[in-house]
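Student: Read top to bottom, the protein sequences are chains V and E. Just so it is clear: in the first sequence, position 43 is 47 by our numbering, and no numbers are missing. Just so it is clear: in the second sequence, position 33 is 24 by our numbering, and no numbers are missing. I'd like to ask some things about the structure below.
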Amino acid sequence: MEIVKTENLVKIYQDNGVPVEALKMINLSVSKGEYVVIAGPSGSGKTTLLNLLGALDKPTKGKIYFEGEDITLKEKSDLAKIRLHKLGFIFQAYNLIPVLSAIENIEFSMMLLGIPEKERKEKALSLMDELGIKELADKRPNEMSGGQQQRVAVTRAIVNNPSLVLADEPTANLDSVTAGHLLDLMERMNAEKNITFIFSSHDRQVIDRAKRLIILKDGLIES
Amino acid sequence: MLLKLAWRNIWRNKRRSLIVLISLVVGLTAIVLTDGLSNGMMRQMLFNQINLDISHIQIHKSGFNNNKIVKNFIPDYKNVEFVLQKNPGVEAYSKRVFATGILSSANNSSGVTIYGIVPSEEAKVSIIKSSIIDGKYLGSGKREIIIGKKLADKLGVEVGDKVVAMANSSKGDIASDAFKIIGIFQTSNSEYDKMTVYVQAATEQDMLGIGDNYHEFAVITKDYNKVASIQNNFEKSLGTGYEVYTYRDLLPMLIYQMDLYKESMMILNVIIGLALIFGIINTMLMSVFERIQEFGVLMAIGMKNNRLYLMIVFEAFILGVIGTLAGLVFGLLLDIPLAHSGINLSIFATGLESFGIGAVIYPVLSVGNIINAVLFMPIVAVLGALYPAYRAIKLEPIYAINYV
Ligand SMILES: Nc1ncnc2c1ncn2[C@@H]1O[C@H](COP(=O)(O)OP(=O)(O)O)[C@@H](O)[C@H]1O
Ligand SMILES: [Mg+2]
Chain V
5 MEIVKTENLV KIYQDNGVPV EALKMINLSV SKGEYVVIAG PSGSGKTTLL NLLGALDKPT
65 KGKIYFEGED ITLKEKSDLA KIRLHKLGFI FQAYNLIPVL SAIENIEFSM MLLGIPEKER
125 KEKALSLMDE LGIKELADKR PNEMSGGQQQ RVAVTRAIVN NPSLVLADEP TANLDSVTAG
185 HLLDLMERMN AEKNITFIFS SHDRQVIDRA KRLIILKDGL IES
Chain E
-8 MLLKLAWRNI WRNKRRSLIV LISLVVGLTA IVLTDGLSNG MMRQMLFNQI NLDISHIQIH
52 KSGFNNNKIV KNFIPDYKNV EFVLQKNPGV EAYSKRVFAT GILSSANNSS GVTIYGIVPS
112 EEAKVSIIKS SIIDGKYLGS GKREIIIGKK LADKLGVEVG DKVVAMANSS KGDIASDAFK
172 IIGIFQTSNS EYDKMTVYVQ AATEQDMLGI GDNYHEFAVI TKDYNKVASI QNNFEKSLGT
232 GYEVYTYRDL LPMLIYQMDL YKESMMILNV IIGLALIFGI INTMLMSVFE RIQEFGVLMA
292 IGMKNNRLYL MIVFEAFILG VIGTLAGLVF GLLLDIPLAH SGINLSIFAT GLESFGIGAV
352 IYPVLSVGNI INAVLFMPIV AVLGALYPAY RAIKLEPIYA INYV
């Protein structure tokens, strides 16, 4: 099943009146259960593409289909709903809400879905247990290392069983060993739960372990 | 969970939240205190007037209030007494003979109002009996008089001295009689003390030649807030030929002044409220701008705008509620002892006493005022958060996530 598809996607930013063509003509299709890495040098348009796939931004031209539905022209609130129900996000850093503990951060996205408190707690705990971060439950983000924070972020991203998890350079701030652990985790979730991942990276290790590699250059897919 | 989040966000920047809290507490304390003080002052002014001679309701022959001449006495006072005794709203009443005249001692003379009273009745209606500072209150003896301290000073007399009272009689000639001073009173109103004297009703009736008639009934009701309906009742039962006035009719200037004062207190509260609102807008804006990146993450994971808006308004609301509770405790802690001991304004006392207030003000807090103040602060806090919260939800998620 096709999760997300783009058709002749173009994104042009206005940088102080100067148009910047961040994406030139992207045609891409990702199916359920895929594990895709978008690689490319800095400035090649990786973040821009992920933002569009994640319904955080709108394209200048072209179309985006999410689970077969054209979401290109949808309202802001509809996009928020899609993000809430269908998508999980992992950012480079500062993913977590600083005043909430790890488990509360994970519960938060369930709360937004209206899941009752007891169920939230149980589900968050069992998933944390499964991912081996149960002992972090009551820690606040500033009491955790970068790698621990990212693992909590992964847990939060997948707790609502999203169709697609998007991660923009999730290992960028981690050392290679920690990055390796994070990749293990994501690969495991992909294999065990059949969760679709798309993430960007210019990290050698990540690229080497990609199951499907898309290389961006100057806003175009090179291969 | 949204409340929990809001609560924790408040304590992220403790100093800033404390400053907001303190400003709310100071604002509320100021409102509670000034409200209590002005309320107390107004009530004291009103009650002093009521307790001196105004009472709650006065009944006369119609036309008397505009033309206080001796022969304008009540034609059938027994009828009035009958009506008063029948009415369950009446607490007490006093029959009074009224004349204006001159009181002279060996040294000096002064214009006065001469009240002829039934001492036991008057004692239940006014504070004159309890205001005696020298000698004693009127009893059954004839040709006895009690006068104010200020008047005694002016005439150079004391208890035991003789004075002569003169007034127009009902026939139009000058009546006079000699009295022995048996008591001197002092009230909070020195002007009143200078111009008012009390004698036995029977003595004054004889002197004026008005038989056993009276000019005035002064009535104290059980609830002074219900005077209007009792007034209505009296008017119906008495029919024409009488005039029935409440203290509101008799003290138009004071009532007007009180209304004016209430309004100016409201304006003061609005000004305090506005100052607080701008303080909160400023603080909440700062706290919103510090968290743009975080709001971006919240939006990205699907938090809807209305929830985000609510969260920020909650933060201010919680501050408002804490500020209110603290302010209330503070304000009451200050107010309650003051309500007992009063605030001594004796530096200004001479001025205040001629206004009929008294040197010591007892703050009065009405439940209504407290409720208003309690509702006021959280509303103020929420109003102050509306704009900052609006700014937060107007953020574009990608702009916010990338904001550094
Ligand atoms: N908000 C923006 N305004 C203007 N230009 C932008 C903006 N965001 C990105 N760009 C430009 O678009 C191009 C692609 O950026 P980006 O998607 O961030 O690349 P990557 O994530 O691969 O480094 C770059 O040239 C960048 O300067
Ligand atoms: Mg990037």
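All C-beta atoms in this analysis are idealised placements derived from N, C-alpha and C, irrespective of residue type, glycine included.
Can you tell me whether DSSP reads Met5 (chain V) as helix, strand or coil?
Tutor: Here Met5 (chain V) carries a coil assignment [DSSP, helix/strand/coil].
Student: Under a three-way DSSP split, which group does Gly174 (chain E) fall into?
Tutor: strand
Student: Should Ala26 (chain V) be listed as close to ligand 4, given that the test is whether its C-beta is under 7 Å from any heavy atom?
Tutor: Ligands displayed in this structure: ligand 1 and ligand 2; ligand 4 is not among them.
Student: If we define contact as Cβ-Cβ less than 8 Å, is Met302 (chain E) a contact residue for chain V?
Tutor: no
Student: Could you check whether the Cβ of Ala340 (chain E) sits closer than 8 Å to any Cβ belonging to chain V?
Tutor: Only weak support exists for where Ala340 (chain E) lies, its pLDDT of 49 falling under 50; the value from the coordinates is given anyway. No, its Cβ sits nowhere closer than 8 Å to a Cβ of chain V.
Student: CB-CB under 7 Å to Met33 (chain E), same chain, minus the five flanking residues each way: which ones, in chain order?
Tutor: Met249 and Tyr252
Student: On the CB-based measure, 16 or more other CB atoms within 10 Å of its CB, does Gln76 (chain E) come out buried or exposed?
Tutor: exposed
Student: Could you give the first and the last residue of the continuous alpha helix (DSSP H) run that contains Met249 (chain E)?
Tutor: Pro243 to Glu281
Student: From the DSSP output, read off the bridge partner residues of Pro23 (chain V).
Tutor: V:Gln18
Student: Is the distance from the Cβ of Ala141 (chain V) to the Cβ of Ser105 (chain V) below 8 Å?
Tutor: yes
Student: Step through the CB atoms of chain E and report whether any lies within less than 8 Å of the CB of Ala84 (chain V).
Tutor: yes
Student: DSSP three-state label for Ile303 (chain E), please.
Tutor: helix
Student: Note the first and the last residue of the continuous alpha helix (DSSP H) segment covering Val103 (chain V).
Tutor: No alpha helix (DSSP H) contains Val103 (chain V), which DSSP labels as neither H nor E.
Student: Taking 8 Å as the CB-CB limit, is Val103 (chain V) close to chain E?
Tutor: Taking Cβ atoms only, chain E reaches closer than 8 Å to Val103 (chain V), which makes this a yes.
Student: Output needed for Ile221 (chain E): all residues of its chain with C-beta closer than 6 Å, excluding positions within five of it in sequence on either side, in chain order.
Tutor: Gly80 and Thr212
Student: Measure from the alpha carbon of Asp144 (chain E) to the alpha carbon of each residue in E:Ile1, E:Phe225, E:Ser96 and E:Ile352, then state which is nearest.
Tutor: E:Ser96
Student: Quickly, what does DSSP pair Val156 (chain E) with across the bridge? List them, please.
Tutor: The amino acid at residue 156 (chain E) is misidentified as Val; the sequence shows Ala. Per DSSP, the beta-bridge partners of Ala156 (chain E) are E:Leu94 and E:Asp168.
Student: Quick check: what's the CA-CA separation for Lys127 (chain V) versus Leu54 (chain V)?
Tutor: Rounded to whole angstroms, Lys127 (chain V) to Leu54 (chain V) spans 28 Å at the Cα level.
Student: Can you pull out the residues from the segment 263 to 287 of chain E whose beta carbon lies closer than 7 Å to at least one beta carbon of chain V?
Tutor: Gln284 and Glu285
Student: So is Arg3 (chain E) in contact with chain V if we call contact Cβ pairs under 8 Å?
Tutor: yes
Student: Quick one: what's got a C-beta closer than 8 Å to Ile108 (chain E)'s C-beta in the same chain, skipping five residues either side?
Tutor: Ser85, Lys86, Arg87, Val88, Leu129, Tyr189, Val190, Gln191 and Ala192
Student: Check whether chain E comes within 8 Å of Asp212 (chain V), counting only Cβ atoms and requiring the distance to be less than that.
Tutor: no
Student: Quick check: what's the CA-CA separation for Thr51 (chain V) versus Leu168 (chain V)?
Tutor: Going from the Cα of Thr51 (chain V) to the Cα of Leu168 (chain V) covers about 16 Å.
Student: What's the C-alpha gap between Gly21 (chain V) and Lys15 (chain V)?
Tutor: Distance between the alpha carbons of Gly21 (chain V) and Lys15 (chain V): 15 Å.
Student: Counting C-beta neighbours from all protein chains within 10 Å, is the total for Thr20 (chain E) 16 or more, i.e. buried, or is it exposed?
Tutor: buried
Student: Any chance the segment 171 to 179 of chain V sits against the segment 92 to 99 of chain V, with 3 or more Cβ pairs inside 8 Å?
Tutor: The segment 171 to 179 of chain V vs the segment 92 to 99 of chain V: in contact.
Student: Ligand 2 heavy atoms versus the CB of Asp74 (chain V): any closer than 7 Å?
Tutor: no
Student: Given a cut-off of 8 Å on the beta-carbon distance, is the pair Pro369 (chain E) and Val312 (chain E) in contact?
Tutor: yes
Student: Can you give me the Cβ contacts of Val355 (chain E) inside the same chain, cut-off strictly under 8 Å, excluding the 5 residues immediately before and after it?
Tutor: Gly27, Asn30, Gly31, Arg34 and Ala330
Student: Less than 8 Å between the CB atoms is what I'm expecting for Glu65 (chain V) and Asn198 (chain V), so what's the real figure, rounded?
Tutor: The residue asked about is misnamed: residue 65 (chain V) is Lys in this sequence, not Glu. Not quite, the Cβ-Cβ distance comes to about 33 Å (not below 8 Å), so this is no contact.
Student: Taking 7 Å as the limit between beta carbons, can you name the residues of its chain near Asn273 (chain E), skipping five residues before and five after?
Tutor: Closer than 7 Å at the Cβ level, and outside the excluded window around Asn273 (chain E), lies no residue.
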